[in-house]
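Its first residue numbered 95, the sequence shown is counted upward by one per residue in the numbering used here.
Glycine included, each C-beta is placed from N, C-alpha and C at the ideal position.
Given the structure is predicted, the values throughout are model-derived calculations rather than measurements.
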Amino acid sequence: MPETIGELSAVELTTAIRKKDISAREALADHLDRIADVNPAINVVVTIDPEGAQSLAHQADQLTASGAELPPLHGLPMTHKDTNNTAGMRTTQGSVALRDFVPDADDLIIARLKAAGVVSSGKSNVPEFGAGSHTFNDLFGTTTNPYAPALSAGGSSGGVAAVVASRVQSIGDGSDMGGSLRIPASFCNVVGFRPSTAVIPMPSDVNAYAWLGRTGPMARTVEDIALFMSVTAGPDPRVPHPAGLDPEVFRSSLETDMRGVRIGWSRDFGIGVPVEPEILEHLERQLRVFEELGAIVEEATPDFSEADLVFGNTRAMDFAAGLGPLLERAGDVIKPEVHWNVNKGLALTARDLIETAAARTRLEAGVQSFFGRYDLFASPCAQVLPFDATLRYPASVAGVPSETYLDWMRSACVLSATGLPVLSVPAGFSAAGLPIGLQLASNHYTDMQLLRWGRAFEQQTGYAAVAPVIPNEVPILTTTSA
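If you want it as structure tokens, here you go:
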């Protein structure tokens, strides 16, 4: 067993609590101490309720002592992503416009985590309204990388990635529209999982049919990802999507045999997506792990030629539907990137929407053609290494200028456009010691098989076990234009 509670996986910690080797109160005390240790350096937990959490931990220990049946995540301490509503706890979405907002009800993913026994303690930082893959806002400032506290932790689940990487907690809830679970996972050396459509439903009063955004987990092990999915997956009557997957699927064995598995690998997604050379060179060396396991790796890609159109227009429509009314009321305090995305959505014409639907249809045909020949698609997760945290976003990638705040995220966005399940797994470190993630995607609703393949890579490499060494000094950061 690891030397400290913070090093334990969720599976290990919940097992220890069940066996009464560790109490829920001891687990929480370690969690709160770790927040106090790392927050001055990386500014990650922005709302905290120690008294409420201590009451929950006490109740958990009473339940343990009673001999009653214990829920799957019994006693597990956790902060939550600040875009996920938490009943009775401030949820700001990183915006001055919502600085005092306290929801009356939990979002579905939070409600299911609480029902599974999680001890909620606070909220982790996000970019304003989750817009962009770098975690900064005018309300709480910038969250930085546990492995290099002057650099970005990614986003929008950058706070989640940072608390998991820094051993504050073993797992966390995030969300992902354009890479928000995957890019921070890559930057912070953890696992990030974007499930298939509606596997974890996302009820909405604005658009119950929305499909681009997802909620999902981050952890340091694929086994913990499966545990998280086993308590959060499952249908909800408010979401009219297909039923998705039974949560029991995620309780099945993670063992797999990769002999004969066909993997298509692409450096640029076949559409010239720029990626820093060091990332490409490193990941191509890591692909040998799959070959050593018996898989067949070839250069191949789905046809992503219309993925940018599908992603850009769908995201813009979702932003306009969700945030347009708020911009009318409080737009003067909301960042320009959100204004740009909402205005793009409001400017979409009927012709634009028709073209987007047709392009998505062709994109899906290309995806199915690819999976007729291959089992798995492998690609760079992030196009850049963690960058200067004072920037709003990278000004260029591999010499190619960024025209918008989304351009450096295309490696994740084009896969979001397909709707496929996508997993980011730690794949090692750059020459400067910065984390690099490998992005893996499989066909719709093969989520558990994707986790098995990711775990096979994880077992051979073990990169997530390399913990960061977080200094005590407080970085002074002022976010600037790219």
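Those residues which DSSP pairs with residue i across a bridge
i      : result
Gln533 : Ser473 and Ser518
Ala604 : This structure cannot speak to residue 604, because the chain is shown only from 95 to 576.
His174 : Lys217
Trp359 : Glu393 and Ala472
Ile142 : Gly216
Asp482 : Leu245
Met183 : Thr180
Collapsed DSSP secondary structure at residue i in the structure displayed
i      : result
Gly268 : strand
Trp305 : coil
Phe523 : strand
His125 : helix
Asn133 : helix
Ser117 : coil
Asn231 : strand
Ser490 : strand
Ser505 : helix
Ser246 : strand
Ser575 : Per-residue confidence for Ser575 stands at a pLDDT of 48, beneath the threshold of 50, marking its modelled position as unreliable; no derived number is given.
Met95  : Summary for Met95: the model assigns pLDDT 47, below 50, so the residue's position carries little reliability, and this model does not support an answer.
Thr326 : helix
Pro495 : strand
Met296 : coil
Thr555 : helix
Thr109 : helix
Met542 : helix
Thr512 : helix
Thr577 : With the chain running from 95 to 576 in the structure shown, residue 577 is simply not present.
Thr291 : coil
Thr158 : helix
Gly548 : helix
Pro166 : coil
Phe195 : coil
Glu370 : coil
Pro278 : helix
Gly388 : coil
Arg467 : coil
Ser149 : helix
Asp200 : coil
Leu321 : helix
Val563 : coil
His335 : coil
Rounded C-alpha distance that separates residue i from residue j
i      : j      : result
Gln187 : Ile136 : 18 angstroms
Glu422 : Phe413 : 13 angstroms
Phe471 : Leu479 : 21 angstroms
Glu497 : Ser490 : 9 angstroms
Gly224 : Ser274 : 8 angstroms
Gly328 : Gly338 : 7 angstroms
Glu222 : Trp547 : 34 angstroms
Ala576 : Ile203 : Bear in mind that the predicted position of Ala576 carries a pLDDT of just 41, short of 50, making it too unreliable to give a figure here.
Glu163 : Phe344 : 20 angstroms
Leu420 : Ile428 : 9 angstroms
Gly252 : Arg184 : 18 angstroms
Ser359 : Val105 : According to the sequence provided, residue 359 is Trp. The question's Ser does not apply to it. Using only the alpha carbons, I get a separation of about 32 angstroms.
Asp194 : Val436 : 23 angstroms
Pro565 : Pro495 : 33 angstroms
Pro75  : Asn133 : Residue 75 lies beyond the range of the chain shown here (95 to 576); nothing can be said about it.
Gly100 : Lys438 : 44 angstroms
Ala147 : Met323 : 23 angstroms
Ser108 : Ala444 : The amino acid occupying residue 108 in the given sequence is Thr; Ser does not appear at that position. For Thr108 and Ala444, the distance between alpha carbons rounds to 51 angstroms.
Met95  : Leu150 : Caution is warranted here: a pLDDT of 47 is assigned to Met95, below 50, making its placement in the model unreliable, and no coordinate value can be reported.
Asp637 : Arg112 : The question about residue 637 has no answer here: the residues shown for the chain are numbered 95 through 576.
Val563 : Asp299 : 43 angstroms
Phe384 : Gly522 : 15 angstroms
Val461 : Leu517 : 17 angstroms
Thr296 : Asp201 : According to the sequence as given, residue 296 is Met; it is not Thr. Approximately 8 angstroms, taken between the alpha carbons.
Leu348 : Ala320 : 9 angstroms
Arg206 : Ile294 : 10 angstroms
Leu403 : Val196 : 36 angstroms
Pro165 : Ala313 : 19 angstroms
Gln533 : Asp270 : 14 angstroms
Residue i beta carbon near the ligand COA (any heavy atom closer than 7 angstroms)
i      : result
Pro474 : The ligand COA is not part of this structure, which contains no ligands at all.
(request) Specify whether the segment 388-404 and the segment 355-362 touch according to this definition: at least 3 beta carbon pairs, one from each stretch, less than 8 angstroms apart. (result) yes
(request) Would you check if the segment 166-175 and the segment 264-277 touch, i.e. whether three or more CB-CB distances between them fall below 8 angstroms? (result) yes
(message) Under 8 angstroms, with one C-beta from each stretch per pair, do the segment 120-128 and the segment 203-219 reach the 3-pair mark?
(response) yes
(message) With three or more C-beta pairs closer than 8 angstroms as the rule, is the segment 397-414 touching the segment 370-378?
(response) no
(request) Would you check if the segment 277-293 and the segment 558-565 touch, i.e. whether three or more CB-CB distances between them fall below 8 angstroms? (result) yes
(request) Evaluate contact between the segment 539-548 and the segment 492-507, counting only Cβ atoms and requiring at least three cross-stretch pairs below 8 angstroms. (result) no
(message) Quick check for students: name the residue ranges of the alpha helix (DSSP H) that lie wholly in the segment 390-461, counting only runs of 4 or more.
(response) 401-424 and 430-440
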